[in-house]
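In what follows, a single structure is set out as structure tokens and then discussed.
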Amino acid sequence: MAPLPISEHASPCKNHTASIEVLRQEAKDSMGEVEELIPERIRQMKRILANDKELVLHPPSFDEFYLRCIRAKKYDLERAARLYQKYCRLRMDGASDFIMKLKPSSLLHVINSKYCSTLKTRDSLGRQIIFMRMEKWSDKNVTLDDVLLTLFLMMDEMTVSSDTQLFGFVVIMDFRTLSVWHAAQVRPARLQILIKILQDSYPAKFTEFHIINNPQIFGALFSVAAFFMKEKMRRRIHFHGTNLTSLQNMLKLEVDQLPLFLGGPLSDEEYDDPSLAQRVVKKDAYYDEQLKFGYVRKK
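For the sequence shown, position 218 matches number 218 in full-length UniProt numbering, and the numbering has no gaps at all.
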């Protein structure tokens with residue numbers, strides 16, 4: 001039988017004790033979500049945001065994004081509103097040249113390189129697995145901004161799924177082939193933007209970060225990134241080096257569900273969900289429209 005779409009699928013994994021339907025209900029119960037009240041909660045959040053006279057609210061066609069913020073903050077509407085404001089303020093707080101480049105069609109070559117990809121199946125806790133693979137960044141015409149923008153676009157598309165909103169992400173970063181050339185691309189200001197998005201300014205739950213095959217040069221880069229991290233984020237980062245058994249023991253997945261580069265049997269074609277990239281490259285108009293709202297610079 002063909003696998004269900006990732007938004008609806010949870011494989012029988014290590015420590016798997018509940019169906020995806022049970023996990024969904026538990027997640028909704030824990031945050032106090034009542035299906036019938038979602039439209040009213042979105043309206044309440046908009047009323048809070050209406051007090052910010054500098055903010056141009058996104059129209060009803062973006063209500064799904066308001067719900068992402070609400071779920072990310074477990075229905076604390078004041079905190080959800082602040083998260084929305086932080087997201088909208090990214091383009092005003094030193095990241096405008098970065099955020100304004102959100103154009104999937106211009107990043108097609110990076111998207112197709114599979115630097116950022118995702119597992120077709122979720123782990124036993126319902127979480128979506130993101131892979132970042134340094135070996136896929138081999139084209140020296142590709143800049144750090146290209147890579148980070150692609151990561152953001154792929155991540156943004158993944159969070160369209162209600163299951164990803166409910167259960168969150170596990171991020172696995174493979175730094176095999178990290179070189180001096182890659183390191184030279186990294187500027188502290190860009191690292192700060194990335195960390196700010198991940199820990200403060202984006203409506204998603206990042207529950208674990210796993211780093212593998214990290215060479216010595218990685219230590220210098222991480223020390224810069226760690227300067228911008230809160231303790232909560234630091235605690236979620238796990239270093240495994242070349243010890244794939246250590247990684248496998250922490251993941252809520254069976255080994256036979258993992259790709260080859262993590263010690264499993266699956267080829268790139270077998271593990272990766274190609275529909276993700278296919279959806280992303282069609283969203284130029286969505287990002288053009290999104291950037292018309294929020295904190296808009298006066299001309």
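Where is the CB? At the ideal position from N, CA and C, for every residue including glycine. Keep in mind that this is a model prediction, so the values were computed, not measured.
Check                                                                                                                                                                 : Outcome
Give the DSSP-derived three-state secondary structure of His240 in the structure shown.                                                                               : strand
Which ranges would you report for the alpha helix (DSSP H) in the region 100 to 161 if only whole runs of at least 4 residues count?                                  : 108 to 111 and 144 to 158
Per DSSP, which residues does Phe169 bridge with? Please list them.                                                                                                   : Gln128 and Phe206
Sort Pro215, Arg234, Val34 and Thr118 by Cα distance to Gln257 and report the nearest one.                                                                            : Thr118
State the DSSP-derived secondary structure class of Asp52, mapped to helix, strand or coil.                                                                           : coil
Just mark residue 305 as buried or exposed, buried being the case when its beta carbon has 16 or more other beta carbons within 10 Å.                                 : One cannot answer for residue 305 here, as it falls past the ends of the chain, which runs 1 to 299.
By DSSP, does Phe163 sit in helix, in strand, or in coil?                                                                                                             : The question names Phe, yet the displayed sequence has Asp at residue 163. Here Asp163 sits in helix by DSSP.
By the 10 Å Cβ neighbour count, where 16 or more other Cβ atoms means buried, how is Glu269 classified, buried or exposed?                                            : exposed
Can you tell which of Leu148, Ser124, Ala80 and Tyr87 has its C-alpha closest to the C-alpha of residue 303?                                                          : Past the boundaries of the shown model lies residue 303; the chain is included only from 1 to 299, so the question cannot be answered.
Can the beta-carbon of Pro59 be found less than 7 Å from the beta-carbon of Asp284?                                                                                   : no
Can you tell which of Gly241, Tyr115, Leu191 and Leu244 has the C-alpha that lies nearest to the C-alpha of Phe227?                                                   : Leu191
Can you check DSSP and say which residues form a bridge with Asp272?                                                                                                  : Leu119
Just to confirm my understanding: we take Asn51, look at its own chain, exclude 5 residues before and 5 after, and list those with CB closer than 7 Å. What are they? : none
My assumption, with CB atoms under 8 Å, is that Lys74 sits in contact with Ser201. Please give the rounded CB distance.                                               : 17 Å between Cβ atoms; not a contact.
Exposed or buried, which one is His210 when buried takes at least 16 other CB atoms within 10 Å?                                                                      : buried
Comparing C-alpha positions only, which one of Ala204, Ser179 and Phe131 sits nearest to Ser161?                                                                      : Ala204
Could you compute how far the alpha carbon of Asp63 sits from the alpha carbon of Ser113?                                                                             : 32 Å
Using a Cβ-Cβ cut-off of 7 Å (strictly less than) and excluding sequence neighbours within five positions of Phe218, which residues of its own chain qualify?         : Phe175 and Leu178
Using the three-state DSSP reduction, which class does Leu57 fall into: helix, strand or coil?                                                                        : coil
Taking only the alpha-carbon atoms, compute the straight-line gap between Leu166 and Ile212 and give it to the nearest angstrom.                                      : 26 Å
Who are the Cβ neighbours of Met233 in its own chain at under 6 Å, not counting the five residues just before and after it?                                           : Gln199
For Lys101 and Asp145, which I take to be in contact (beta-carbon distance under 8 Å), what is that distance rounded to the nearest angstrom?                         : 7 Å
Give the range of the alpha helix (DSSP H) segment to which Leu194 is assigned.                                                                                       : Pro188 to Gln199
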